[in-house]
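Chemist:
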Amino acid sequence: MTAPGRRSSTFTRLLRHGFTDPSAAERLLDGVELAPVRNDPVLLEALGATADPDLALHGLVRLLEAQPDPTARRELLDTLIAAKPLRDRLLGVLGASEALADHLARHAGDWQALVTYEPRDLHRGVAEFERGLAEATDPVSLRVAYRRCLLSIAARDVCGTIDVAETAAELADLATATLRAALALAEAAAPEDAALCRLAVIAMGKCGGHELNYVSDVDVIFVGEPAEGADGAADEARAMRAATALASHLMRICSETTVEGSIWPVDANLRPEGRNGPLVRTLSSHLAYYQRWAKTWEFQALLKARPVAGDPGLGAEYVAALQPLVWQAADRENFVPDVQKMRRRVVETIPVAEVDRQLKLGPGGLRDVEFAVQLLQLVHGRSDTSLHSGTTLDALESLAAGGYVGRADAAQLDEAYRFLRSMEHRIQLHRLRRTHLVPEDEADLRRLGRSLGLRTDPVTGLLRAWKRHASVVRRLHEKLFYRPLLDAVAQLAPGEARLSPEAARERMVALGYADPAAALRHLEALASGVTRKAAIQRTLLPVLLGWFADSADPDTGLLNFRKVSDALGTTPWYLRLLRDEGAAAENLARVLSAGRLAPDLLMRAPEAVALLGDGNAGGLAPRGRLQLEQETLAAVRRADGAVQAVTAARGVRRRELFRTAAADIVGSYGTEAQPVEADQGALVDLVGGAVSDLTAATLAGTLRAVVREGWGDTLPTRFAIIGMGRFGGHELGYGSDADVLFVHEPRDGVDEREASDAANKVVSEMRRLLQVPSADPPLLIDADLRPEGRSGPLVRTLKSYEAYYRRWSLVWERHALLRAEFVAGDADLGRRFTELVDPLRYPADGLGEDAVREIRRLKARMESERLPRGADPKLHAKLGPGGLSDVEWTVQLIQLRHGHVERGLRTTRTRQALSAACDAGLISAENAGTLDEAWVLATRVRNAVMLVRGRAADTFPTDPRELAAVGRYLGHGPGHAGDMLDEYRRTARRARAVVEDLFYA
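Numbering that gives the first Met the number 0 puts the sequence shown at residues 0 to 1000.
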């Protein structure tokens, strides 16, 4: 009978030693298995030191129960109490790994593998593991022997005898020994195949890099050759079949599940052509593939290639043949963007629910460190063989020693990487399952924290340490590539290594800089000195350089940043904006490297950079017409004279053009805070609406300024401006002229001649002032769509318009009036003008066949006469087949025919009219979608060309860098300009087929 108080005392002791279920633990301690040692304080102390005392005690009882007889049970207990190394190892494993406890319960004698404590046992290598696997004669016994060896590694790991890097190396060595044993079994099962070929197994990934996890796919590549003395193609074909059979059998031996589970999957998908390629290739076939077809990521993967099993000579030949190609990879076009894109693609594949728990692939995870280190190795390993290591931590140490990475950054990354790998090891060790997710269960987190030495508050301490290390990785992984470029041009502390000029040049070239010498001069100018400006820019530049490198023209981005910095660098708010407002710096980098237009607008008034922040400057959302008009008219009222007033109005226009261009660029490129706008039509509508509203506000302000200067408050005639073409359709691009009509109506008592003279003077003065050379872009007014074209009067009265349209109007003029919309001046007069032209553009009887033929004739004539000589029609965004003209004339023909009946067609906007035609059943949804897609793409091409070149054009640029920048804006990555042109041709071709059916049929 239990003495009074004993239970309470034991219960308290168990709690103090870390047990979470003391009642269950007390029952186990009182059981017959532990009767001889239940009161021994050494046992309780040792259990309390494990990651999970409850799990360790339960595993120990199961192991004792599994012993074949009392003598074996007593031997285990005696050794456990007497030998501290065994006690720490065995209980440490039982408290950390439920899966290894299961193994010990099935193989009760394997605990003796932990008894040996000799110096050679402390750090095992391939030879020791091969001896441990030597007795395996089939896949099942190989699994048992493998787990026995794994037990040894885990025991020394959890006890701290080996650190995380040594653990990973031993796991890779055990994998090497296992692959050799599996190949030996496969060869023994098919000796005739083994005699026909030489087969080498090349380890890749973490196994090749000597940094394997507890549970991981083992990545391999197989190389085969005919056996010595074979001759001819027939022998080679037989040898490849034999080698493939052996390789397949090896994979099954390791991967298939038996009564003892599986070892790990063998993954050969890193081979040339992946799973679609042959499992085994000859060395010459491998070499031919990598020389002609391999992608950048495949050379990155070869960094870790290491022969581990099979024919050692063939393995050595493979590495010798392919390693030189690895170190030439950085010379490939778009090398850095390709590697960075691969990293982004990995992040994008993570399920949203798992991102915050991903140790390996998530932001701030292990893959960030590995990608950054490998990128630097590939860039600088061409000229520095000390960087030729497949092991991440060794490579990081070599990079720091050579000055390619700052020592402090390398030390922080090393610490973070070791901590994250330790977490990964302990998570996988628990059930020997392949996972990289941090658990959510409190008990799992507690065991994980205790296994890493966090005993006071293991859950809180673990989560805090994890987030801290992940934050370090997030902050440093990109900076790692760019920071040494600044050190190369800055003063360093004594003894600190720096990039050599040649290494800095190599890195700039790898980033895509065409003139690395000039880029380094800009860096030196921006980062040198002891001023606050230089200090903040030294902090910003590593990140900015990465964003510039993500553009089609990094050189221009860096140069423009230097210009802006020179103009604003002494302004306190500018530096504060870039440092403190998260979006501002990235938005600025995108805008400065996207082409000429936006930087040119910014350079004329650098203070507009404030629009790029998140604060009170209004951000990048375009402002509405009413707000713009109010600001413009207020600026005009404050000005002295028309010249100053129009200058102020043009200044507002310049600033708002920059805002719109910046919003368009950020939406097209995407940033960390704002993903790429998925709806390209929304970006087209944003630009068209914003530029049209801005043009209307500018005309309203200019009109007010001219009237005030010449006539005071009241003009002798009412005056209205009617937007036409793209202006009336709210579809202006950055380089579009403003197509307009001018209409006036004499006021009561005013002579018609006086009114006409006043109206003509207004138009003349407006056109002059809006084109006066200045720092602001001119606004060209085009009135050629007026009655009689260029031969007709510039301004007409409303009655004159009425008389002309009643008697003389031509089909093309009625066609042009579909876009007519009041934009500035006398609103009542503008309304009456649109009422006047409505019956013309939406005729009650529709459109007669003669008129339809005339429109088709005009369209065909325009295509043949106005297309520039030498231009490729299929790539002309305005006049080419499937371009803007095709879509717009097709939609406008539908409006002329059916606008009187279908009120939804009474709009000046192309996309709205197309949607209304679809809703009315006048065009199928499929055809409407095809036309809309083509129109949006062609409009985006024109906007892109203007943004990139700074001048309007309707065709793709021929300069490769400009073409690449247009492609980047349109969503095509580096090196994919050809894909962009192909996509445009396909889209236009589909649209032209619809036009042929609807317009010409």
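Just so it is clear, CB atoms sit at the ideal spot from N, CA and C, and this is done for glycine as well. These numbers come from a predicted model, not from an experiment.
Can you look up V529 in the DSSP assignment and give me helix, strand or coil?
Modeler: coil
Chemist: Going by the DSSP bridge assignment, what does I349 pair with across the sheet?
Modeler: Note: I349 sits in no beta bridge, so no partner.
Chemist: Find the nearest neighbour of K562 within the set R603, N586 and S790, judged by alpha-carbon distance.
Modeler: R603
Chemist: Secondary structure at T938, three-state DSSP: helix, strand or coil?
Modeler: DSSP places T938 in the helix class (H, G or I) of the three-state scheme.
Chemist: Have a look at L557 and A593 and give me their C-alpha separation to the nearest angstrom.
Modeler: 11 Å
Chemist: Mind checking which residues open and close the beta strand (DSSP E) that includes I922?
Modeler: Element bounds for I922: n/a, residue is neither H nor E.
Chemist: Provide the residue(s) that pair with Q357 in DSSP beta bridges, ordered along the chain.
Modeler: L436
Chemist: Where M0 and N38 are concerned, what is the direct C-alpha to C-alpha distance, given to the nearest angstrom?
Modeler: Model confidence at M0 stands at a pLDDT of 39, short of 50, so the residue's coordinates are unreliable; what they give is reported in the following sentence. So the alpha carbons of these two residues sit roughly 16 Å apart.
Chemist: Write down the C-beta distance between H743 and S691 rounded to the nearest angstrom, noting that I regard them as a contact closer than 8 Å.
Modeler: Not confirmed; about 23 Å, so no contact.
Chemist: Buried or exposed: where does A912 fall if 16 or more other Cβ atoms within 10 Å of its Cβ makes it buried?
Modeler: buried
Chemist: Could you have a look at A823 and say whether DSSP puts it in helix, strand or coil?
Modeler: Looking at A823 - three-state DSSP - the assignment turns out to be strand.
Chemist: State the beta-bridge partners of I720 as determined by DSSP.
Modeler: Bridge partners of I720: F741 and A823.
Chemist: Flag this pair as yes or no: are the beta carbons of F726 and T889 separated by less than 8 Å?
Modeler: With respect to the 8 Å criterion, F726 and T889 are not classified as neighbours on the basis of their beta carbons.
Chemist: Tell me the start and end of each unbroken alpha helix (DSSP H) in the stretch 118 to 180 that is at least 4 residues and wholly inside, in chain order.
Modeler: 118 to 121, 125 to 132 and 138 to 157
Chemist: Could you check which residue in A823, L980 and R852 has the C-alpha nearest to that of A876?
Modeler: Looking from the CA of A876, the closest CA among A823, L980 and R852 belongs to L980.
Chemist: Once you ignore the five residues that flank E820 on each side, which residues in its own chain have a CB closer than 6 Å to its CB?
Modeler: G722, G727 and T907
Chemist: Based on Cα-Cα distance, which residue from P362, E297 and S397 lies nearest to H379?
Modeler: H379 has its Cα closest to that of S397, out of P362, E297 and S397.
Chemist: Given a cut-off of 8 Å, decide if I720 and L693 are closer than it, judged by their beta-carbon atoms.
Modeler: no
Chemist: Among T384, I262, E347 and V335, which has the Cα closest to the Cα of R432?
Modeler: Measuring C-alpha to C-alpha distances from R432 to each of T384, I262, E347 and V335 identifies I262 as the nearest.
Chemist: When we look at the beta-carbon of E505 and count the other beta-carbons within 10 Å, is it buried (16 or more) or exposed?
Modeler: buried
Chemist: For P457, count the other beta carbons within 10 Å of its own beta carbon; 16 or more makes it buried, fewer makes it exposed. Which is it?
Modeler: Of the residues assessed, P457 falls on the buried side of the cut-off, its CB having 16 or more other CB atoms within 10 angstroms.
Chemist: Kindly indicate which residue of E708, G687, S382 and T115 has the alpha-carbon position closest to the one of D639.
Modeler: E708
Chemist: So, are the CB atoms of N942 and Y733 less than 8 Å apart?
Modeler: yes
Chemist: My output table needs one value for V214: the three-state DSSP class, helix, strand or coil.
Modeler: coil
Chemist: Using 8 Å as the Cβ pair cut-off and three pairs as the minimum, do the stretch 211 to 222 and the stretch 324 to 337 touch?
Modeler: Short answer: they don't touch.
Chemist: By DSSP's criteria, R237 is part of a beta bridge. Which residues make up the other side?
Modeler: R237 is not bridged to any residue.
Chemist: Can you pull the DSSP bridge partners for F221?
Modeler: In DSSP, F221 forms a bridge with V200 and V279.
Chemist: Excluding sequence positions up to five away, which residues of its chain have a Cβ less than 6 Å from the Cβ of L27?
Modeler: L56 and V60
Chemist: Does the distance from the C-beta atom of N212 to that of E423 stay below 8 Å?
Modeler: yes
Chemist: Work out the CA separation of R622 and V771 for me, nearest whole Å.
Modeler: About 26 Å.
Chemist: Would you kindly work out how many angstroms separate the C-alpha atoms of E316 and N268, rounded to a whole number?
Modeler: 21 Å
Chemist: So M1001 and L878 are supposed to be a Cβ contact under 8 Å. How far apart are they, rounded?
Modeler: With the chain represented from 0 up to 1000, any question about residue 1001 goes unanswered, as that position is not in the structure.
Chemist: Pick helix, strand or coil for G260, following the three-state DSSP scheme.
Modeler: Strand, per DSSP.
Chemist: Measure the alpha-carbon distance for D554 versus L150 and round it to whole angstroms.
Modeler: In this structure, the CA atom of D554 is about 55 Å from the CA atom of L150.
Chemist: Please name the residue in V706, D330, D162 and Q679 whose C-alpha comes closest to that of H122.
Modeler: D162
Chemist: So, with DSSP's three-state summary, where would you put A45?
Modeler: helix
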